[in-house]
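Novice:
In the working numbering, the protein residues as written are 3 to 87.
1. Return the residue from the list 17, 59, 31 that minimises the CA-CA distance to residue 8.
2. If you check the beta carbons only, do residue 71 and residue 10 fall under 7 Å apart?
3. Please report the straight-line C-alpha distance between residue 55 and residue 62, rounded to a whole angstrom.
4. Skipping 5 residues on each side, what residues in its chain have a beta carbon closer than 8 Å to that of residue 69?
5. Span of the beta strand (DSSP E) holding residue 10?
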């Protein structure tokens, strides 16, 4: 499954803050980050990740809750969506 997470940082960005959040993400072996982008606008970052299920992603996001506020969407490829038509 593919997940797109929109992220807002809760605190001021420091190298220590980034290291803590990276450890949380790296601590879940079933989660594979496909892309991690800092953005301008309403959200500070976008994470595109692959995981076997929603529970895996939810666990990581709950662990990171003190550092970030998130909104997560499940995504399927364009090709898979067209097959549903």
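In this text, a Cβ means the ideal position worked out from N, Cα and C, and glycines have one as well.
Specialist: The short version:
1. Minimum Cα distance to residue 8 is reached at 59.
2. Inclusion of residue 71 and residue 10 in the CB contact set at 7 Å is warranted, their separation being smaller than that value.
3. 12 Å
4. 11, 12, 13, 19, 22, 23, 26
5. 4-11
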